[in-house]
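Asker: Sequential numbering of the sequence shown, starting at 107, is according to our numbering. Yeah, the Cβ is synthetic: ideal placement off N, Cα and C, and Gly gets one too. Structure incoming, see below.
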Amino acid sequence: MISSRRMYLRDRTAPAHDALDKLVGPFDSIESYRWYVSGIAAFRRPLEAELSSVVWSDLSPDYQLQRLGDLLVEDMNDLALIAGTVTTSVAAELVLEELLGTLYVVEGSALGSRILYRRAQALGMTDGHGARHLAVQSRPGPQWQSYLSLLETGTLDMELVALSATRTFQAAEQAFRNAGANALTL
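As C-alpha coordinates, then:
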(Lines of atoms letter the chains of each structure in order from A and count residues from 1; the text may use other names and numbers.)
(Lines give C-alpha, C1' and ligand atoms only; values in the text may rest on other atoms or scores of the structure.)
Protein backbone atom coordinates (compact mmCIF):
# COMPACT_ATOMS: atom_id res chain seq x y z
CA MET A 1 0.00 0.00 0.00
CA ILE A 2 1.49 3.30 -1.08
CA SER A 3 -0.26 6.27 0.42
CA SER A 4 0.17 9.96 -0.10
CA ARG A 5 0.70 10.39 3.66
CA ARG A 6 3.43 7.75 3.67
CA MET A 7 5.13 9.42 0.69
CA TYR A 8 4.80 12.80 2.40
CA LEU A 9 6.58 11.42 5.48
CA ARG A 10 9.23 9.74 3.36
CA ASP A 11 9.97 12.99 1.56
CA ARG A 12 9.87 15.20 4.67
CA THR A 13 12.12 12.92 6.73
CA ALA A 14 14.56 11.96 3.98
CA PRO A 15 17.46 14.14 5.24
CA ALA A 16 17.18 12.80 8.82
CA HIS A 17 16.73 9.22 7.57
CA ASP A 18 19.74 9.51 5.25
CA ALA A 19 21.90 10.93 8.04
CA LEU A 20 21.04 7.98 10.27
CA ASP A 21 21.66 5.44 7.50
CA LYS A 22 25.06 6.99 6.74
CA LEU A 23 26.01 6.94 10.41
CA VAL A 24 25.01 3.29 10.87
CA GLY A 25 26.65 2.28 7.59
CA PRO A 26 27.10 -1.27 6.42
CA PHE A 27 28.37 -3.13 9.45
CA ASP A 28 30.96 -5.53 8.07
CA SER A 29 32.92 -6.67 11.09
CA ILE A 30 32.12 -7.96 14.54
CA GLU A 31 33.28 -4.67 16.01
CA SER A 32 31.04 -2.58 13.76
CA TYR A 33 28.16 -4.95 14.50
CA ARG A 34 28.77 -4.57 18.25
CA TRP A 35 28.58 -0.79 17.78
CA TYR A 36 25.32 -1.21 15.83
CA VAL A 37 23.77 -3.32 18.62
CA SER A 38 24.90 -0.78 21.23
CA GLY A 39 23.37 2.04 19.23
CA ILE A 40 20.07 0.38 18.45
CA ALA A 41 19.72 -0.68 22.09
CA ALA A 42 20.49 2.86 23.27
CA PHE A 43 17.68 4.07 21.02
CA ARG A 44 15.11 1.31 21.20
CA ARG A 45 15.10 0.40 24.90
CA PRO A 46 14.31 3.92 26.20
CA LEU A 47 11.80 4.42 23.39
CA GLU A 48 9.96 1.23 24.35
CA ALA A 49 9.96 2.36 27.99
CA GLU A 50 8.46 5.70 26.96
CA LEU A 51 5.79 3.98 24.89
CA SER A 52 4.93 1.46 27.61
CA SER A 53 1.98 3.52 28.82
CA VAL A 54 0.27 3.52 25.42
CA VAL A 55 -2.82 1.32 25.33
CA TRP A 56 -2.43 0.03 21.81
CA SER A 57 -5.90 -1.50 21.64
CA ASP A 58 -7.34 2.00 22.20
CA LEU A 59 -5.40 3.18 19.17
CA SER A 60 -6.23 0.24 16.93
CA PRO A 61 -7.37 -3.32 17.50
CA ASP A 62 -4.91 -4.37 14.77
CA TYR A 63 -1.73 -2.71 16.01
CA GLN A 64 0.71 -3.87 18.67
CA LEU A 65 4.21 -2.50 19.17
CA GLN A 66 6.84 -5.18 18.65
CA ARG A 67 9.04 -5.13 21.73
CA LEU A 68 12.72 -5.83 21.13
CA GLY A 69 14.32 -4.45 24.30
CA ASP A 70 14.75 -7.75 26.14
CA LEU A 71 16.12 -9.41 22.99
CA LEU A 72 18.60 -6.56 22.61
CA VAL A 73 19.82 -7.13 26.17
CA GLU A 74 20.37 -10.82 25.35
CA ASP A 75 22.22 -9.86 22.15
CA MET A 76 24.35 -7.40 24.10
CA ASN A 77 25.22 -10.12 26.61
CA ASP A 78 26.27 -12.41 23.73
CA LEU A 79 28.51 -9.65 22.40
CA ALA A 80 30.02 -8.81 25.81
CA LEU A 81 28.37 -5.38 25.86
CA ILE A 82 26.94 -3.74 28.94
CA ALA A 83 23.28 -2.80 28.76
CA GLY A 84 22.62 0.30 30.82
CA THR A 85 19.60 0.94 32.98
CA VAL A 86 16.61 2.37 31.16
CA THR A 87 14.46 5.07 32.66
CA THR A 88 11.65 7.08 31.17
CA SER A 89 10.85 10.73 31.55
CA VAL A 90 7.46 10.86 29.86
CA ALA A 91 5.03 12.67 32.10
CA ALA A 92 2.22 13.22 29.63
CA GLU A 93 0.67 11.19 26.86
CA LEU A 94 1.80 11.77 23.31
CA VAL A 95 -0.73 13.27 20.96
CA LEU A 96 -1.73 10.99 18.10
CA GLU A 97 0.41 12.81 15.54
CA GLU A 98 3.51 12.53 17.72
CA LEU A 99 2.87 8.85 18.24
CA LEU A 100 2.35 8.24 14.51
CA GLY A 101 5.57 10.09 13.71
CA THR A 102 7.52 7.96 16.16
CA LEU A 103 5.92 4.78 14.85
CA TYR A 104 6.84 5.73 11.28
CA VAL A 105 10.48 5.36 12.26
CA VAL A 106 10.00 2.29 14.45
CA GLU A 107 7.90 0.35 11.95
CA GLY A 108 9.92 1.52 8.98
CA SER A 109 13.06 0.12 10.60
CA ALA A 110 11.47 -3.32 10.54
CA LEU A 111 11.43 -3.14 6.75
CA GLY A 112 15.20 -2.64 6.65
CA SER A 113 15.87 -5.25 9.31
CA ARG A 114 15.80 -8.06 6.74
CA ILE A 115 18.91 -6.66 5.09
CA LEU A 116 20.56 -6.04 8.44
CA TYR A 117 19.79 -9.59 9.57
CA ARG A 118 21.50 -11.03 6.49
CA ARG A 119 24.55 -8.87 7.21
CA ALA A 120 24.57 -10.07 10.82
CA GLN A 121 24.28 -13.69 9.68
CA ALA A 122 27.30 -13.18 7.42
CA LEU A 123 29.20 -12.29 10.60
CA GLY A 124 28.05 -15.47 12.35
CA MET A 125 25.19 -13.93 14.30
CA THR A 126 21.98 -15.97 14.58
CA ASP A 127 18.51 -15.97 16.08
CA GLY A 128 20.06 -17.72 19.09
CA HIS A 129 23.24 -15.65 19.43
CA GLY A 130 23.81 -11.95 18.88
CA ALA A 131 21.00 -11.23 16.41
CA ARG A 132 17.83 -12.25 18.23
CA HIS A 133 16.31 -8.80 17.84
CA LEU A 134 16.94 -8.74 14.09
CA ALA A 135 15.59 -12.27 13.64
CA VAL A 136 12.33 -11.31 15.32
CA GLN A 137 12.10 -7.88 13.73
CA SER A 138 12.72 -9.20 10.22
CA ARG A 139 9.88 -11.73 10.34
CA PRO A 140 6.92 -10.70 8.23
CA GLY A 141 4.14 -9.41 10.40
CA PRO A 142 1.13 -7.14 10.35
CA GLN A 143 2.72 -4.12 12.07
CA TRP A 144 3.62 -2.08 8.97
CA GLN A 145 0.24 -2.52 7.30
CA SER A 146 -1.52 -1.81 10.60
CA TYR A 147 0.58 1.32 10.99
CA LEU A 148 -0.26 2.48 7.46
CA SER A 149 -3.95 1.97 8.21
CA LEU A 150 -3.58 4.16 11.30
CA LEU A 151 -1.76 6.78 9.26
CA GLU A 152 -4.58 6.93 6.72
CA THR A 153 -7.36 7.19 9.31
CA GLY A 154 -8.99 10.50 10.07
CA THR A 155 -7.76 14.04 10.00
CA LEU A 156 -4.15 14.51 11.02
CA ASP A 157 -1.75 17.41 11.24
CA MET A 158 0.79 15.82 8.90
CA GLU A 159 3.35 18.52 9.62
CA LEU A 160 3.31 17.45 13.29
CA VAL A 161 3.60 13.78 12.26
CA ALA A 162 6.61 14.64 10.07
CA LEU A 163 8.20 16.73 12.82
CA SER A 164 7.83 13.86 15.28
CA ALA A 165 9.30 11.37 12.80
CA THR A 166 12.24 13.68 12.12
CA ARG A 167 12.87 14.06 15.86
CA THR A 168 12.74 10.29 16.24
CA PHE A 169 15.32 9.81 13.49
CA GLN A 170 17.48 12.43 15.21
CA ALA A 171 17.08 10.68 18.57
CA ALA A 172 18.23 7.44 16.96
CA GLU A 173 21.22 9.22 15.43
CA GLN A 174 22.14 10.68 18.82
CA ALA A 175 21.79 7.25 20.47
CA PHE A 176 24.23 5.80 17.94
CA ARG A 177 26.67 8.67 18.46
CA ASN A 178 26.48 8.17 22.24
CA ALA A 179 26.91 4.41 21.86
CA GLY A 180 30.13 5.01 20.00
CA ALA A 181 31.41 7.11 22.88
CA ASN A 182 30.09 4.78 25.59
CA ALA A 183 30.59 1.28 24.14
CA LEU A 184 31.65 -0.64 27.22
CA THR A 185 32.68 -4.27 27.19
CA LEU A 186 32.45 -6.80 29.96
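Give me the Cα-Cα distance between residue 281 and residue 167, rounded to the nearest whole angstrom.
Answerer: 31 Å
Asker: Report buried or exposed for residue 279, applying the criterion of at least 16 other Cβ atoms within 10 angstroms of its Cβ.
Answerer: buried
Asker: Below 6 Å CB to CB, which residues in the same chain sit around residue 273 once its five sequence neighbours on both sides are set aside?
Answerer: none
Asker: Looking at the structure shown, is residue 272 part of a helix, part of a strand, or coil, going by DSSP?
Answerer: helix
Asker: If you reduce the DSSP assignment to three classes, tell me which class residue 197 lands in.
Answerer: Any reading at residue 197 is ruled out, since the residue's pLDDT is 44, under 50, leaving its predicted position unreliable.
Asker: Check whether the region 179-192 and the region 135-149 touch, using three or more Cβ-Cβ pairs below 8 Å as the test.
Answerer: yes
Asker: State the Cα-Cα distance for the pair residue 225 and residue 135, rounded to the nearest angstrom.
Answerer: 9 Å
Asker: Are the Cβ atoms of residue 271 and residue 115 separated by less than 8 Å?
Answerer: Yes, they are a contact pair.
Asker: Would you report the Cα separation of residue 110 and residue 154, rounded to the nearest angstrom?
Answerer: 28 Å
Asker: Among the residues of its own chain, which have a CB less than 7 Å from the CB of residue 264, if the five just before and after it don't count?
Answerer: 111 and 114
Asker: Taking all protein chains shown into account, do 16 or more other C-beta atoms lie within 10 angstroms of the C-beta of residue 213, making it buried, or fewer, making it exposed?
Answerer: buried
Asker: Can you look up residue 262 in the DSSP assignment and give me helix, strand or coil?
Answerer: Note: residue 262 maps to coil in three-state DSSP.
Asker: Could you tell me whether the Cβ atoms of residue 239 and residue 177 are closer together than 8 Å?
Answerer: yes
Asker: Could you give the residue range of the alpha helix (DSSP H) that holds residue 235?
Answerer: Note, residue 235: premise wrong, no alpha helix (DSSP H); not H, not E.
Asker: Residue 120: which of 285, 275 and 283 sits nearest, CA to CA?
Answerer: Closest by alpha carbon: 275.
Asker: Excluding the five sequence neighbours on either side, which residues of its own chain have a C-beta within less than 6 Å of the C-beta of residue 267, listed in chain order?
Answerer: 203, 206 and 207
Asker: When you compare only the Cα positions, how much space is there between residue 257 and residue 209?
Answerer: 10 Å
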